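*Asks:* Provided herewith is a single structure, encoded as structure tokens, for subsequent inquiry.
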Amino acid sequence: MREALDHWDFVIAAYAIGLGALALLISWSWQTMRRAERRRDEVKRQGTDR
Amino acid sequence: MHIYANPKRFLSLAKWLLPLLFWGGLVLSAGALAWGMFLVPPDHLMGESVRILFIHVPAAWLGMGGWTGIAIASAMLLIWKHPLASIAARAIALPGMTFTAICLATGSIWGRPTWGTWWVWDGRLTSMLVLLFLYAGYIALAQAAAREGGSTKIAAIFGLVGAINIPIINRSVVWWNSLHQPPSITAGNSAIDPTFLWPLLAAVLGFSLLFGAIVLMRMRALIAEQQVEARLRRRALADEVPEAGAPAMANS
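The following block contains the structure:
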């Protein structure tokens, strides 16, 4: 006999995993970019101060 | 393409393109997902679980599209030695891997209510899992080359060879028996009802724009890291020169 499954549970789980992973990727990529560009500007400034 | 070989020119383009891709992608994907989640009726066979289509299919296409991008960038590196090609390939790898993982996870979740199983070792699912491992291998190779100052050619060759898996994924449901359905959308043809097709295409476009925005963020980060490294190396060399000259002056 086929068990009755609530499809909405699966839909919500799929969206939560997909969108959660995407949000993490975007936020990590943004922070990495900002950090790297801040460091580049800092090193550049140190070079001109010398 | 060689116009953007100059990182300065590329960065000025990326600076205005990034917010455009990001906000455009965010609005379009959010709208498409809301459309698919609340406005589309349940499918007569798959029921409510058909809504997983709007996240699973864009993730699958971008997972495969990402590796195609890596293969093109690798070819550009090996043939034309384009200076930004290896950076572009490295920048694509992580979002490509994430979208492949999302495709596998959402596909597995979709499989349980529709097929009665989370996983089967058939052609489509296995070749998609192979793609995930290829991404992991590419990231490890490219990072090792960048850290040790090795040649970027090895990762580029790996990127080109790995592209063999893309047509295998695409044709797997035709070549082998599979629980997975055959291709629903082929060139100029669709077996999907327009009720589902339009929000799906909107989701694909929205996620593609977001993918582009993430790749630009990664490229800007990698270029900035390279610029820091080059500047520090130049500074270290400049500091060494007077020190090396100092004893000679003392002796004279």
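Respectively, the protein sequence lines represent chains W and V.
Its first residue numbered -6, the first sequence is counted upward by one per residue in our numbering.
Its first residue numbered 5, the second sequence is counted upward by one per residue in our numbering.
We put the CB at the ideal spot given by N, CA and C, even for glycine.
No experiment lies behind these values; they were computed from the predicted model shown.
#1: Would you call the stretch 28 to 36 of chain W in contact with the stretch 170 to 182 of chain V, where contact means no fewer than 3 C-beta pairs closer than 8 Å?
#2: Quickly, what does DSSP pair Gly51(V) with across the bridge? List them, please.
#3: For Ala160(V) and Leu82(V), which I take to be in contact (beta-carbon distance under 8 Å), what is that distance rounded to the nearest angstrom?
#4: Please report the residue range of the alpha helix (DSSP H) in which Ser33(V) lies.
#5: Please report whether the beta-carbon of Val232(V) lies at a distance below 9 Å from any beta-carbon of chain W.
#6: Met221(V) touches chain W at which residues, Cβ-Cβ below 7 Å?
#7: Please list, in chain order, the chain W residues whose beta carbon lies closer than 8 Å to that of Trp114(V).
#8: Using DSSP with H/G/I as helix, E/B as strand and the rest coil, what is Ser188(V)?
#9: Mind listing the chain W neighbours of Leu236(V)? Cutoff is C-beta to C-beta under 9 Å, in chain order.
#10: Does Leu17(V) pass the burial test, meaning 16 or more other C-beta atoms within 10 Å, or should it be called exposed?
#11: With distances taken Cα to Cα, identify the nearest neighbour of Asp2(W) among Arg116(V), Lys19(V), Ala207(V) and Gly35(V).
#12: For a test of the three-state rule: what should DSSP assign to Ser194(V), helix, strand or coil?
#13: Roughly how many angstroms lie between the CA atoms of Trp13(W) and Pro45(V), to the nearest whole one?
#14: Can we say the stretch 33 to 50 of chain V touches the stretch 58 to 66 of chain V, given the rule of at least three CB pairs closer than 8 Å?
#15: Is it the case that the Cβ atoms of Leu138(V) and Ala105(V) are separated by a distance below 9 Å?
#16: Quick one, are the C-beta atoms of Asn10(V) and Trp71(V) less than 9 Å apart?
#17: Just the Cα atoms here: how many angstroms apart are Met294(V) and Trp180(V)?
#18: Locate the alpha helix (DSSP H) running through Ser90(V), then write down its first and last residues.
#19: If the criterion is Cβ atoms closer than 9 Å, does the pair Gly141(V) and Gly166(V) meet it?
#20: Do we get a CB-CB distance below 9 Å when we pair Arg151(V) with the residues of chain W?
#21: Along the alpha helix (DSSP H) that carries Leu66(V), what are the first and last residues, could you check?
#22: Is Trp125(V) helix, strand or coil when you go by DSSP?
#23: Just the Cα atoms here: how many angstroms apart are Ala242(V) and Ala89(V)?
#24: If you reduce the DSSP assignment to three classes, tell me which class Trp180(V) lands in.
#25: Would you decide whether Ser33(V) is buried or exposed? Buried here means 16 or more other CB atoms lie within 10 Å of its CB.
#26: Which residue marks the beginning of the alpha helix (DSSP H) containing Phe162(V), and which one marks its end?
#27: Any beta carbon from chain W within less than 9 Å of Ser212(V)'s own beta carbon?
*Replies:* According to the data block:
#1: no
#2: Asp47(V)
#3: 5 Å
#4: Pro11 to Ala38
#5: yes
#6: Ser22, Trp23 and Met26
#7: Phe3 and Ala7
#8: coil
#9: Val36
#10: exposed
#11: Arg116(V)
#12: strand
#13: It is Gly, not Trp, that sits at residue 13(W) in the sequence shown. Looking at the two C-alpha atoms, the distance is approximately 25 Å.
#14: yes
#15: no
#16: no
#17: Here chain V comprises residues numbered 5 to 256, so residue 294(V) is not present and cannot be evaluated.
#18: Ala89 to Trp119
#19: yes
#20: no
#21: Leu57 to Trp84
#22: coil
#23: 30 Å
#24: coil
#25: buried
#26: Lys157 to Gly166
#27: no
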